[in-house]
Ligand code: NAD
Ligand code: IPM
Ligand code: MN
């Protein structure tokens with residue numbers, strides 16, 4: 002029979018809460034659709050880091066690489082300085098496995114979002130831009146402690162810091178390669194063909210940041226020429242955000258460099274109904290990783306207040322990726338039924354309902370896969 006080895010990193014904050022529900026849903030689907038799942042759970046996250054100093058060790062990366070997929074909850078904890086765990090675990094996994102696509106579909110599942118029905122797929126470049134991790138801080142023009150040698154590239158005299166030395170400064174390199182921009186653009190255009198949409202919107206900003214986004218645009222324009230039935234629309238990211246909020250609706254595919262993709266996807270999560278609903282997949286040629294768009298939400302952690310649907314829908318993306326399309330559709334259908342048939346009170350707090358208020362979701366009863374939602378069950 003079909004059998005999958007899935008790695009599970011519950012992580013921090015609400016991560017373990019939402020992945021527990023997700024796991025129950027996957028188990029229920031595996032019984033109904035006749036496949037087996039072998040889970041391997043990894044402890045990586047704040048507790049493990051505080052106890053051992055370790056983020057994700059090399060041998061674990063190798064082992065994870067041999068699995069069929071990875072499901073992640075969330076990473077990040079107020080006890081650890083920002084960036085240590087996020088870069089050390091999450092970004093390390095994305096980069097190590099060269100997961101160059103961060104796929105973030107947005108849908109309000111049969112129930113209009115706060116500003117109306119919304120549909121879009123964010124295709125976010127996932128390996129470059131400001132995320133490459135080359136940079137540092139310095140004190141004045143003299144001491145630069147960063148990964149790039151000052152003077153090793155042409156500053157074109159644009160940094161005033163070097164004419165009148167500041168007390169402290171920081172510099173972070175954003176980097177695009179033509180190849181990576183072409184690769185993500187091809188992915189977006191192929192997806193447009195699959196979905197039958199005739200346009201890819203590129204969120205750009207070459208009017209202010211000419212070289213960085215100019216190169217990205219150039220690569221996308223050259224890829225667009227290869228496609229007859231799909232066109233490229235370049236839009237400044239600020240104007241795009243304005244348009245998304247002013248007139249939400251069907252946006253098809255929104256292609257984004259890494260940093261804009263991060264921001265635009267939270268904006269769209271809000272328009273789609275809420276942060277707790279938004280799923281994502283980190284896709285590459287090797288191991289792929291699935292996780293909700295949201296973070297560890299320390300403000301609601303440990304209170305049974307987290308919406309698990311983003312993780313459940315991420316599991317659906319994972320099952321689709323593994324070839325279990327029917328199971329994935331069943332999970333999405335269950336969410337659609339829940340979203341469209343619940344009374345307003347039975348909806349998550351972030352959608353104006355009562356689920357996730359001080360009484361919690363009721364997920365702590367562990368009955369998911371039909372998990373209870375105010376007495377009603379989501380049945381998969
Ligand atoms: P966040 O996404 O954790 O929280 C933003 C807001 O959304 C909060 O008000 C939170 O309560 C709410 N929210 C998030 N998920 C929810 C859910 N499932 N149900 C209901 N409400 C939900 O973003 P943040 O506050 O900027 O970050 C908190 C921590 O998470 C930080 O350490 C950050 O670095 C990390 N983070 C991790 C990931 C990841 O692991 N993929 C993503 C984003 C942020
Ligand atoms: C996300 C998160 C991450 C990102 C952080 C935690 C590094 O915000 O997955 O959207 O910026 O990509
Ligand atoms: Mn984000």
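Residue numbers (UniProt numbering): 2 to 381.
Yeah, the Cβ is synthetic: ideal placement off N, Cα and C, and Gly gets one too.
The model shown is predicted, which means the values in this text are computed figures rather than measured ones.
For residue 257, the enclosing beta strand (DSSP E) starts and ends at 251-257. The alpha carbon of residue 5 has as its nearest neighbour, out of 72, 16, 236, the alpha carbon of 72. The beta carbon of residue 315 is closer than 8 Å to those of 23, 72, 280, 281, 282, 291, 292, 293 in its chain, skipping five residues each way along the sequence. In terms of Cα proximity to residue 225, the closest of 271, 238, 182 is 182. Closest option to residue 37, judged by alpha-carbon separation, among 69, 220, 47: 69. Partner residues in a beta bridge of residue 317, as assigned by DSSP, do not exist. In this structure, residue 130 has its beta carbon at no less than 8 Å from each heavy atom of ligand 3. The DSSP-derived three-state label of residue 112 is coil. Counting the other CB atoms within 10 Å of its CB gives residue 103 a total of 16 or more, which places it among the buried residues. In this structure, the straight-line span from the alpha carbon of residue 312 to that of residue 210 is close to 35 Å. Straight across, the Cα-Cα distance linking residue 345 with residue 273 is about 16 Å.
Annotation for residue 126: 185, 258, 259 place their beta carbon closer than 6 Å to its own, counting only its chain and skipping 5 residues before and after. The Cβ-Cβ distance between residue 266 and residue 235 does not fall below 9 Å. Boundaries of the beta strand (DSSP E) harbouring residue 281: 280-284, taken from the DSSP string. When the five nearest sequence neighbours on each side are left out, the beta carbons in the same chain lying within less than 8 Å of the beta carbon of residue 332 are those of 26, 30, 313, 314, 316, 317, 320, 381, in order along the chain. By the C-beta density criterion, residue 286 is exposed, having fewer than 16 other C-beta atoms within 10 angstroms. When Cβ pairs closer than 8 Å are counted between the two stretches, the segment 114-124 is seen to touch the segment 238-253, the count reaching three or more. The DSSP-derived three-state label of residue 263 is helix. A distance criterion of 8 Å places the beta-carbon of residue 212 beyond contact range of ligand 2, judged by its closest non-hydrogen atom.
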